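To get our numbering, take the position in the sequence shown, counting from 1, and add 11.
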Amino acid sequence: MMEALERYCAEYRGDRMEYATYEEIGPGRAMHPEDLLLPRKLEQGEKVHWTPTWDILNDEEVYVPSNAVFHPYDSLGMAVPLFRSDSNGLASGNVIEEAILHALFEVIERDALSIADQEHDLGRRLTIGTGCAAREILDRFEENGIDIHLWLLAGKTGIPTVAAAADDTVTKDPAMLVIGSGTHTCPEIAALRALTEVAQSRGSYLQGGRNDPQREMIIRKAGYDRLKRINRMWFADADAVDIGDVPDLSTRRFDLDIGRVLEEVRPYTDRVCVCDLSRTPVPVVRAIIPGFEISYMDPDRKRSVQD
12 MMEALERYCA
22 EYRGDRMEYA
32 TYEEIGPGRA
42 MHPEDLLLPR
52 KLEQGEKVHW
62 TPTWDILNDE
72 EVYVPSNAVF
82 HPYDSLGMAV
92 PLFRSDSNGL
102 ASGNVIEEAI
112 LHALFEVIER
122 DALSIADQEH
132 DLGRRLTIGT
142 GCAAREILDR
152 FEENGIDIHL
162 WLLAGKTGIP
172 TVAAAADDTV
182 TKDPAMLVIG
192 SGTHTCPEIA
202 ALRALTEVAQ
212 SRGSYLQGGR
222 NDPQREMIIR
232 KAGYDRLKRI
242 NRMWFADADA
252 VDIGDVPDLS
262 TRRFDLDIGR
272 VLEEVRPYTD
282 RVCVCDLSRT
292 PVPVVRAIIP
302 GFEISYMDPD
312 RKRSVQD
């Protein structure tokens, strides 16, 4: 339900946008489009749409390319899109601080996944002992013949990002080789998010909620064994760390957790921009952290070798 609300709020509906070049807006007032890891070269003097956001790292208003705010982005026949719009950093919450925190987590999660994918290195295996809620979910999977391979991704921050790969050893259905991930200041919650995302993906497929005939045909043609070989890094051996040894950075307040996140991302970015997209009483925001990787979602948006 919340995801549907987020998508509704992210649509462009006549919201305020400025149409100008980066130079016309002013370097001190705008985020440079190239900081968003563009898949193409920005033309000299090219005009784009701009949306005002709030930079919570520097406590000031900053204009961001509207292409990075709205999804789907509508160029109104005036501008050439900078990239395919997406839902990265789009989140909701019971209060706006919660929405902002979840949005930041998502950007960090996609960054960690992108780095792992680019470097073909998932980091360390994650083990979970007893007395942990995530252990209960793992046991349920294992009781049904589903092997779960948990990873603690390295990423660039100290915020835990956990990824889970599921292998249905009973059916050996290639479509059941699914992946889930989660990020949170509390490593146990990050693991829970990864596991519940795996469960959701399996459930959606089994109920026919996410059928993609072309993708299914490719998966069936490749087969279970070949798909496991293609994705072998998810099932490989590696050094392990127990979840109890992963630092828990969480607090009991959203604003303090946001502060922890800002401390972690500060060395890697100049800005952390948030746009309030709420159209109902439920807060919805978009978070944009320039320089954070997105290639796991959009392979065309990858940092150049020179950078």
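A virtual CB, placed ideally from N, CA and C, is assigned to each residue, including glycine. Everything numeric in this text was worked out from a predicted model, so none of it was measured.
Which of helix, strand or coil DSSP assigns to Gly193: In the structure shown, the three-state DSSP call for Gly193 is strand.
Anticipated Cβ contact below 8 angstroms, Val272 with Thr64, distance rounded: Actually they do not touch by this definition, with Cβ atoms about 17 angstroms apart.
Neighbour-count burial assignment, Phe246, 16 or more Cβ in a 10 Å radius: exposed
Whole-number beta carbon distance between Val209 and Val189, since they are thought to touch under 8 angstroms: 6 angstroms
Segment contact, 8 angstroms Cβ cut-off, at least three pairs: the region 152-166 with the region 96-103: no
Buried or exposed by the 16-neighbour rule on C-beta atoms within 10 Å, applied to Ile229: exposed
One or two residues paired with Val296 in a DSSP bridge: Val296 is bridged by DSSP to Ala102, Asp287.
Complete beta strand (DSSP E) runs within the region 90-172 (minimum length 3 residues, chain order): Every beta strand (DSSP E) stretch that sits fully inside the region 90-172 and reaches 3 residues is listed by chain position as 101-103, 135-138, 157-163.
Residue environment, Gly142, which counts as buried when at least 16 other CB atoms sit within 10 Å: exposed
Spatial neighbours of Val73 in its chain, beta-carbon cut-off 8 angstroms, leaving aside the 5 residues before and after: Arg40, Ala41, Met42, Pro63, Thr64, Trp65, Asp66, Arg282, Cys284
Distance, Glu227 Cα to Ala186 Cα: 7 angstroms
DSSP three-state assignment for Val272, whether helix, strand or coil: helix
Where Val209 sits in the DSSP three-state scheme: DSSP places Val209 in helix when its eight states are reduced to three.
8 angstroms Cβ cutoff met for Pro301 and Gly169: no
Span separating the alpha-carbon of Ser125 from that of Ala102: 20 angstroms
Val59 beta carbon less than 8 angstroms from that of Ala21: Between Ala21 and Val59, the gap from beta carbon to beta carbon reaches 8 angstroms or more.
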